[in-house]
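Protein chains in written order, with the numbering used here: chain C, 1 to 550; chain X, 551 to 1051. For glycine and all other residues, C-beta sits at the position ideal for the given N, C-alpha and C. Note that the coordinates shown come from a computational prediction; the quantities given were computed from them, not determined experimentally. First comes the structure, then the notes that go with it.
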């Protein structure tokens, strides 16, 4: 969940209209967002995760301003040329190969705005930038930097600077060990012997991306007017997109955007590039997907309300703003038209699609099997498939058998997928010790067993388990259940004596169908009952249910 | 009811107890006189009271009851009686006396004291019975009479009894004073009139095979039952409430002409994510939401190439793609499936589905969560898809509306959302009249072209999914998800849940 925490008055200012909270809530809902909580002027909004451009008050305000028709169409952002250059050294190729940059001047920063910028930076890091893996953002006061800047990789113990919010000089290696941000993101650099850094022409360190800025050149305060921004990482597209997101937001705050020249030796880039992307989309495609009969005029108006520029008739030419990182295909434009039109303004239609119903025959059989057992007075249970080795094996007094084990889990009571049902039904009895006896329960459900022949190295097996718990529960009772099934399903069943440590010796049988073992039954071993803390005799049967179908 | 009618309903127990009430009002004496157990008497009194034939008054009274030693003495005789008896044969020394009478020293000392006071014995070298003592051999002591009469109401003791009581009080544990509940039963006017009328002995208690064969039932009346009396509860075997919801959903799909699908719980990331164009660095792939299993599976070769294509540069769909290098090793990772859309994509590939087509599945899915009132690590998901030329977003809305109207939910609204594999996507909210609020019910969308191209599907596919548990909670008015599914279910709920909704 991506949350924007903002201020109601500030947001209304950015929209350019005084909305009530109810109006804001409804508008957000129609756009796919949610007003989560409001407390006086503080509001929390759940942002749709594919729209990082809405992660700031300015960005969201910009979108709502269009959507509400206050100012529609494409926003133009002017870029002036700066003299700042970045030289990218070959040494970063293997560590963190790409960087793009920009400057924003004449910002009137105050404490609130700095906080907001840091918030946007953090949110972009955590979502779009995938926890700084794809790219990371560095923001610096421009005043102290002496360009040109060099982006290079240096031996981790040779890097020396005072990191942000520290007093002492640390080496690159020490930063990963001692600085809180260094510790948090150490995994991104740890495996390299050289770490990337930005240095200026006086050889002062700006930062060590993606970890931390230097205290000397990298601390923005309320006196800062002009800032320098770089985005560097493994993904040049993502880096450019994030840079675009940041500079457009800062421009909406009142700043002026300046370009930076990035030299890759053989290649030169001028960033940021805010030239809108051009796309052509057929009106018929929009109408076909949505089931509407929009005229080009309508479609163009709807597109403008989503912040695009649009023109044309059958083929609509669209200009897509650079902060939109979620447009892969024409279908994404169609979706925006639908949002502008309003999902709840569309009338549902019910098409004729001819096809014949069909069930899975095994499921039909299993339902019939369930009816038979219910007829014997058993209550169906629906137990968890995730369980523990302790319950499935130790408490049942048996040795572990191969099973599907879980990796890391949040729920501490589980570590495997069940291989049989009986232990889970006994757990059900434990949870219901205070309920009236006799308790007769059963389940027809899946377990998972290992199978190296399958593409998933395992397979689901549907089993039947019947359990009866009361003072006089015994082998005869449970055998009657099996005999009854054998009779009404016309099965060739036979019992054979079985040693199974979960059952009392001499009162346990394996169940053979056409001379092949399909399950077992008997009176539960008091050792197992003790392990589960059950104080009532229990008899049970468990078998492979689909085998009964033949 | 009139007298005649009442007489017809009297059970054999009631008929036995009722006449006794003319003479016995005390519960204990009633039990003695009836030759029935206390429970039986109690039960019949309760019935009689319900018919207004008797009145029962219960009183707490300070009473003298038999103590621990007293009970023993009632059985084996008082110590002084035992001494008296052994002395009737011959004179005995003190030591011999202890052995013969089986008494401890204390008891012997007390007994000798009492017997001397009664002038029954003489102690010299031996102990000898005097004439008075001999007479006493065949006479009951006052103490013995008193013990046999217990329990007695303290307030109702006569002077003689008070004297005996004060003597016995001095001795160890023979008697004790307790607050006893005493039950006194009186006939009402109505009860008396019933008795005057006379109880019928000619009523048949029940029909038997013998009676039927012999025809002796003819011309006779059966005792009438009190048809409103409370009977012990029974419980039937029942289908699980969750199964009932699943069956209902299944029926809706079948009625609409859908075909059923299934697939396993364990699956590769390929089928759960890559196959439907979820990017390989998508947050939902992180360990915190998904159960990653310490195993790898196999992925289909030819299809992988096509899937790689759409991931990397959008294939031939006109999409930009994600612009990364698709990694088959990530796709081989086995997980517990997080949604049943994996089933849909397996069918796209394996069943060669031709449109028009409608399919559904209901299956278990898993999330790496801690269990609480609103979260389970596993739950059930329903998924349906329709594939045909010219399907639209409005058609998807139509299916969702149709589906929920069959569940009794008519007020639906839609909210656009983001899903990596559908566009447009939307959630459907249903208005819950009882709670007076909108509840999120369904996630849905039109499958993205990038997610369909690898399977050669070039017509629209609309799809939706929902949680069975959420629906079950609504239908059974449960606030705790653990009550509608799982090992933690209450058997009482499974036995008595409301069978109609």
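Straight-line gap, residue i to residue j (C-alpha atoms, nearest Å)
i	j	result
residue 283/C	residue 301/C	13 Å
residue 752/X	residue 740/X	22 Å
residue 832/X	residue 221/C	35 Å
residue 933/X	residue 907/X	14 Å
residue 854/X	residue 811/X	23 Å
residue 1059/X	residue 755/X	Because chain X spans 551 through 1051 in this model, residue 1059/X falls outside it and cannot be assessed.
residue 787/X	residue 1046/X	10 Å
residue 713/X	residue 692/X	10 Å
residue 149/C	residue 190/C	25 Å
residue 596/C	residue 434/C	What is shown of chain C runs 1 to 550, which leaves residue 596/C out entirely.
residue 203/C	residue 159/C	11 Å
residue 440/C	residue 1022/X	23 Å
residue 216/C	residue 266/C	32 Å
residue 79/C	residue 936/X	48 Å
residue 1008/X	residue 860/X	14 Å
residue 763/X	residue 738/X	42 Å
residue 829/X	residue 138/C	26 Å
residue 532/C	residue 924/X	27 Å
residue 1002/X	residue 826/X	8 Å
residue 331/C	residue 390/C	51 Å
residue 329/C	residue 940/X	19 Å
For residue i: DSSP bridge partner residues
i	result
residue 965/X	977/X
residue 163/C	214/C
residue 510/C	496/C, 520/C
residue 196/C	153/C
residue 916/X	928/X
residue 984/X	According to DSSP, which records beta bridges pairwise, residue 984/X is partnered with nothing at all.
residue 440/C	468/C
Chain-ordered chain X contacts of residue i [CB-CB under 8 Å]
i	result
residue 355/C	807, 808, 809, 906, 907, 908
residue 338/C	943, 966, 974
residue 378/C	787
residue 382/C	790, 792, 793, 1035, 1036, 1039
Interface residues of chain X facing residue i [CB-CB closer than 9 Å]
i	result
residue 439/C	1041
residue 324/C	Under the 9 Å cutoff, chain X gives no residues; its nearest Cβ is about 12 Å from residue 324/C.
Presumed contact (8 Å Cβ cut-off) between residue i and residue j, rounded CB distance
i	j	result
residue 28/C	residue 35/C	5 Å
residue 966/X	residue 996/X	That pair is no contact at about 12 Å.
residue 1013/X	residue 840/X	Contact doesn't hold; Cβ gap of about 21 Å is too wide.
residue 489/C	residue 548/C	6 Å
Proximal chain C residues relative to residue i, where beta-carbon distance stays under 7 Å
i	result
residue 927/X	386, 411, 414
residue 934/X	Per Cβ cutoff of 7 Å: no residues; residue 934/X is ~12 Å from chain C at best.
residue 766/X	Per Cβ cutoff of 7 Å: no residues; residue 766/X is ~36 Å from chain C at best.
Chain X residues whose Cβ lies nearer than 7 Å to that of residue i
i	result
residue 274/C	Correct list: empty, because the minimum Cβ distance to chain X is about 18 Å.
residue 435/C	1041, 1042
residue 130/C	831
residue 559/C	Nothing about residue 559/C can be reported from this structure: the residues present for chain C run from 1 to 550 only.
Within chain C, the residues that residue i reaches when beta carbons sit closer than 9 Å
i	result
residue 919/X	410, 411
Interface partners of residue i on chain C, CB under 8 Å
i	result
residue 923/X	Within 8 Å Cβ-Cβ: nothing; residue 923/X doesn't reach chain C, min ~14 Å.
Discussion item. Under 8 Å: do the stretch 220–237 of chain C and the stretch 305–323 of chain C share three or more Cβ pairs, one atom per stretch?
Written reply: no
Practice prompt. State whether the stretch 226–233 of chain C contacts the stretch 124–138 of chain C, with contact taken as three or more CB pairs (one from each stretch) at a distance under 8 Å.
Written response: yes
Discussion item. Below 8 Å, how does it come out for the stretch 339–355 of chain C and the stretch 945–965 of chain X: are there three or more Cβ pairs, yes or no?
Written reply: yes
Discussion item. Does the contact criterion of 3 or more C-beta pairs under 8 Å hold for the stretch 465–474 of chain C versus the stretch 496–504 of chain C?
Written reply: no
Item to complete: Would you check if the stretch 190–204 of chain C and the stretch 90–102 of chain C touch, i.e. whether three or more CB-CB distances between them fall below 8 Å?
Response: yes
Fill in: Contact the stretch 697–711 of chain X vs the stretch 510–519 of chain C: 3+ CB pairs below 8 Å
no
Item to complete: Check whether the stretch 780–794 of chain X touches the stretch 595–613 of chain X, taking contact to mean three or more Cβ pairs, one atom from each stretch, closer than 8 Å.
Response: no
Practice prompt. Take every Cβ of the stretch 625–633 of chain X, pair it with every Cβ of the stretch 646–661 of chain X, and state whether three or more of those distances are shorter than 8 Å.
Written response: yes
Worksheet item: Counting pairs of beta carbons, one from the stretch 763–779 of chain X and one from the stretch 350–362 of chain C, are three or more of them closer than 8 Å?
Response: no
Worksheet entry | Stretch pair the stretch 372–391 of chain C + the stretch 409–427 of chain C: three plus CB contacts closer than 8 Å | yes
Worksheet item: Are three or more beta carbon pairs between the stretch 604–615 of chain X and the stretch 723–742 of chain X nearer than 8 Å?
Response: yes
Worksheet item: For the 8 Å Cβ check, are there 3 or more pairs between the stretch 802–818 of chain X and the stretch 910–917 of chain X?
Response: yes
Item to complete: Tell me, please, whether the stretch 563–570 of chain X touches the stretch 776–783 of chain X by the rule of three or more beta-carbon pairs shorter than 8 Å.
Response: no
Discussion item. So, does the stretch 172–190 of chain C touch the stretch 115–123 of chain C, judging by three or more C-beta pairs under 8 Å?
Written reply: no
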